[in-house]
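Counted the way the numbering used here counts, the sequence shown spans residues 1272 to 1372.
Note that CB positions come from ideal geometry on N, CA and C, so glycine has one too.
First up is the structure itself, then whatever we jot down about it.
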Amino acid sequence: MLDKHLPLDAAADIIGELGLNGGQIRHTNKTMQRIVRNAWNRLPAARRPSTFDEFADTVPAHHWALMFEVCALSGLGRTNEACALISTARRLRTIHSDCAR
1272 MLDKHLPLDA AADIIGELGL NGGQIRHTNK TMQRIVRNAW NRLPAARRPS TFDEFADTVP
1332 AHHWALMFEV CALSGLGRTN EACALISTAR RLRTIHSDCA R
């Protein structure tokens, strides 16, 4: 079962494009959830929402989709592509924040 925060259309596109099987989908989903849970646990207590679900609700949908794709690529052994995707996302975020100023 996919995380409720992951947009289903994005997940379907990624699953189809990468040809993921059921086991790979479960592993990718668990890895993605572990990343978000670790981020929640690392927040200072004063800034941490009281539940994981509250925190997960604040993560934008496109970030869930990006994490799913990166985790899937990594799980398939395509780490160079996963790293390139992360790097591109960071550049786009920087450009977007610079344009918003």
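Nearest candidate by alpha-carbon position, reference residue i, set the options
{"i": "Ala1336", "options": "Pro1320, Ile1306, Gly1293, Gly1294", "result": "Ile1306"}
{"i": "Gln1295", "options": "Cys1370, Thr1322, Phe1339, Phe1323", "result": "Phe1339"}
{"i": "Leu1347", "options": "Asp1324, Thr1299, Asp1274, Val1330", "result": "Thr1299"}
{"i": "Ile1285", "options": "Leu1314, Thr1329, Cys1342", "result": "Cys1342"}
Status (buried if at least 16 other CB within 10 Å, exposed otherwise) for residue i
{"i": "Gly1290", "result": "exposed"}
{"i": "Ala1282", "result": "buried"}
{"i": "Met1303", "result": "buried"}
{"i": "His1333", "result": "exposed"}
Residue i, DSSP secondary structure in three states
{"i": "Gly1348", "result": "coil"}
{"i": "His1298", "result": "helix"}
{"i": "Asp1328", "result": "helix"}
Unbroken alpha helix (DSSP H) run spanning residue i, endpoints
{"i": "Arg1319", "result": "Where Arg1319 is concerned, there is no enclosing alpha helix (DSSP H), given that its DSSP letter is neither H nor E."}
{"i": "Leu1279", "result": "1279-1289"}
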